[in-house]
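Reviewing the structure listed below.
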Amino acid sequence: MSICRPPIVSRRVLLGTALGGLALPRPARSQAAYPARPVRVIVPWAPGGAVDTLARRVSQKLSEQMGQTFLVENKSGATGTIGAAEAARAAPDGYTLLAMDNTYAMLPYLFSRLPFDQATAFRPVTVTAFSPILLAVGEKSPYRDLASLVAEAKKEPEKLTYGTGGMGSAPHFATLAFERAAGVKLYHVPFRGAGEAVIGVLSGNVDLVMISPGSALGNIRGGQLRPLAISGEYRVAALPDVPTFGEAGLPGFGVINWSGLAAPKGTSDAIVERLHQEAVRALAAPDMKAFIAELGSEPGGITPAAFGQLLSEEAARWREVAASGGIERQ
99 MSICRPPIVS
109 RRVLLGTALG
119 GLALPRPARS
129 QAAYPARPVR
139 VIVPWAPGGA
149 VDTLARRVSQ
159 KLSEQMGQTF
169 LVENKSGATG
179 TIGAAEAARA
189 APDGYTLLAM
199 DNTYAMLPYL
209 FSRLPFDQAT
219 AFRPVTVTAF
229 SPILLAVGEK
239 SPYRDLASLV
249 AEAKKEPEKL
259 TYGTGGMGSA
269 PHFATLAFER
279 AAGVKLYHVP
289 FRGAGEAVIG
299 VLSGNVDLVM
309 ISPGSALGNI
319 RGGQLRPLAI
329 SGEYRVAALP
339 DVPTFGEAGL
349 PGFGVINWSG
359 LAAPKGTSDA
369 IVERLHQEAV
379 RALAAPDMKA
389 FIAELGSEPG
399 GITPAAFGQL
409 LSEEAARWRE
419 VAASGGIERQ
């Protein structure tokens, strides 16, 4: 069985959340005093990226709902560990949160030492969005579908090149997982950032890129990028003509990106549950659902326990990918 199956938690638990149409929970009276002052939401990436964009919209909703400002602070660097370390050191009082993404589950395989215990430093609150991954080629590429690309890659190992935002980045891990699922070997061309990797495909300097729909929609709609397949169980509304990897002949590939919120270890059950309830409420708002859909993603809202399970599953999945792909820890 492929290690890159779709996260078990995402679909099953989503059906049971408020986003599936159930009544929204009401905060308990004992939680009513929180928050009594502004809350910091640390984004461990630069402004403008997918995690930052979503964190700002969710924070805006939480500010409106809870009567206190949820202020996003960008603390980028070292593959997200600088911001995560600052959030981990914060008091466990609910006034500092971390906006994490699936890169967090990869950190133990990128660094021999981390400034925090990756497995225990945070209490998961909820996933805010699940985002599929696209495999895309340039408009002048000879590959019109996934089958022809895979056939060529099997014929000549390492002939086809792929661009990423750097060694050990999330797209690097995702493409290694694709190699395992397809039984092919590609040649990695690392760039200084994901934007440069896309430019590499657009210019014809590399053959393909793995990218989130939200980062690719403009170039896809403009005809500069040609998506061959998208991960997940279903096609997305923003790109209804793009087949899933399963439909394209590769059911073993199911990597899904996610973004979420977490609180420092030691944060009380009451605060974690209050944050979860309010996040579910925010994600159920029509304008938020429309915003997330436009990014080609699905709203999250899973329980803290389910989020913790997802993190464990992701850690196991990426351990095997890192070992097979020769990822060297710094």
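Add 98 to a position in the sequence shown, counting from 1, and you land on the number used in the numbering used here.
Just so it is clear, CB atoms sit at the ideal spot from N, CA and C, and this is done for glycine as well.
Keep in mind the model is a prediction, meaning the values are calculated, not measured.
Residue j beta carbon less than 8 Å from that of residue i
{"i": "P190", "j": "T167", "result": "no"}
{"i": "F289", "j": "G263", "result": "yes"}
{"i": "S229", "j": "S174", "result": "no"}
{"i": "N355", "j": "A249", "result": "no"}
{"i": "A144", "j": "N172", "result": "yes"}
{"i": "I140", "j": "L232", "result": "no"}
{"i": "K159", "j": "A383", "result": "yes"}
{"i": "A234", "j": "V299", "result": "yes"}
{"i": "A227", "j": "I328", "result": "no"}
{"i": "M204", "j": "W416", "result": "yes"}
{"i": "P341", "j": "A185", "result": "no"}
{"i": "R427", "j": "Y207", "result": "yes"}
{"i": "G236", "j": "G302", "result": "yes"}
Boundaries of the beta strand (DSSP E) in which residue i is found, first to last residue
{"i": "A234", "result": "232-236"}
{"i": "A391", "result": "Element bounds for A391: not the beta strand (DSSP E) but the alpha helix (DSSP H), 384-392."}
{"i": "E171", "result": "168-172"}
{"i": "P222", "result": "220-229"}
{"i": "L337", "result": "That residue, L337, is in no beta strand (DSSP E); it is neither H nor E in DSSP."}
{"i": "D199", "result": "194-199"}
{"i": "P288", "result": "285-288"}
{"i": "Y260", "result": "259-262"}
Residue i, enclosing alpha helix (DSSP H) - first and last residue
{"i": "A144", "result": "Unbroken run through A144: none, as it is neither H nor E."}
{"i": "G298", "result": "292-300"}
{"i": "G320", "result": "Here G320 belongs to no alpha helix (DSSP H), and DSSP marks it neither H nor E."}
{"i": "G271", "result": "According to the sequence displayed, residue 271 carries Phe and not Gly. It spans 268-280 - the alpha helix (DSSP H) in which F271 sits, taken as one unbroken run."}
Where residue i falls: helix, strand or coil (DSSP)
{"i": "T365", "result": "coil"}
{"i": "G178", "result": "helix"}
{"i": "E412", "result": "helix"}
{"i": "M308", "result": "strand"}
{"i": "E254", "result": "coil"}
{"i": "D150", "result": "helix"}
{"i": "N303", "result": "coil"}
{"i": "M164", "result": "helix"}
{"i": "V137", "result": "strand"}
{"i": "S246", "result": "helix"}
{"i": "L315", "result": "helix"}
{"i": "A217", "result": "coil"}
Rounded distance between the beta-carbons of residue j and residue i, thought under 8 Å
{"i": "V419", "j": "R278", "result": "7 Å"}
{"i": "T365", "j": "G192", "result": "6 Å"}
{"i": "L152", "j": "S357", "result": "5 Å"}
{"i": "L348", "j": "A280", "result": "6 Å"}
{"i": "L306", "j": "L359", "result": "Rounded, the Cβ-Cβ distance is 32 Å, inconsistent with contact."}
{"i": "L337", "j": "G394", "result": "6 Å"}
{"i": "A251", "j": "L284", "result": "6 Å"}
contact_flag[the stretch 217-233, the stretch 391-410] where n(CB pairs < 8 Å) is 3 or more
yes
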